[in-house]
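Novice:
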Amino acid sequence: MTIAPATPAIEKLPADNTHLIGGEWLPAAGGEVIDVINPATTDVLRTVPRGAAADIDAAVQAATAAFPA
Numbered sequence: 202m203t204i205a206p207a208t209p210a211i212e213k214l215p216a217d218n219t220h221l222i223g224g225e226w227l228p229a230a231g232g233e234v235i236d237v238i239n240p241a242t243t244d245v246l247r248t249v250p251r252g253a254a255a256d257i258d259a260a261v262q263a264a265t266a267a268f269p270a
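Each number in the numbering used here corresponds to the 1-based position in the sequence shown with 201 added.
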């Protein structure tokens, strides 16, 4: 059985408000964020980008470029 650590190692998480597209940590194109909350303490652990259509397009383009035709 796996037990979650009492204190998550949040320093190992990527920078606030970034998502991985094409091997780079990038902020959301629209700049909006979502708080990630620890349900046990209600502390905000990080903020993550609220992706929109432009972010999806960038991710699809990066994924397409990563694979040969």
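Glycine included, every Cβ here is placed at the ideal spot set by N, Cα and C.
Rounded to the nearest angstrom, what separates residue 227 and residue 240 at their Cα positions?
Specialist: For this step, residue 227 is matched to residue 26 along the sequence shown. For this step, residue 240 is matched to residue 39 along the sequence shown. Distance between the alpha carbons of residue 227 and residue 240: 26 Å.
Novice: Beta-carbon within less than 7 Å of residue 236's beta-carbon, same chain only, minus the 5 sequence neighbours each way: which residues are those?
Specialist: Position 35 of the sequence shown holds residue 236. Closer than 7 Å at Cβ, skipping near neighbours: 245, 248.
Novice: Take the Cβ of residue 222 as the centre, count every other Cβ of all protein chains shown within 10 Å, and call the residue buried at 16 or more, exposed below.
Specialist: Counting from 1 along the sequence shown, the entry for residue 222 is found at position 21. Residue 222 comes out buried.
Novice: Which partner residues does residue 247 have in the DSSP bridge list?
Specialist: The residue labelled residue 247 in the question sits at position 46 within the sequence shown. Answer by DSSP bridge pairing, in chain order: 237.
Novice: Could you say which of 243, 252, 265 lies nearest to residue 218 if we only look at CA atoms?
Specialist: Position 17 of the sequence shown, counted from the first residue, corresponds to residue 218. Selected option, being the one with the closest Cα: 252.
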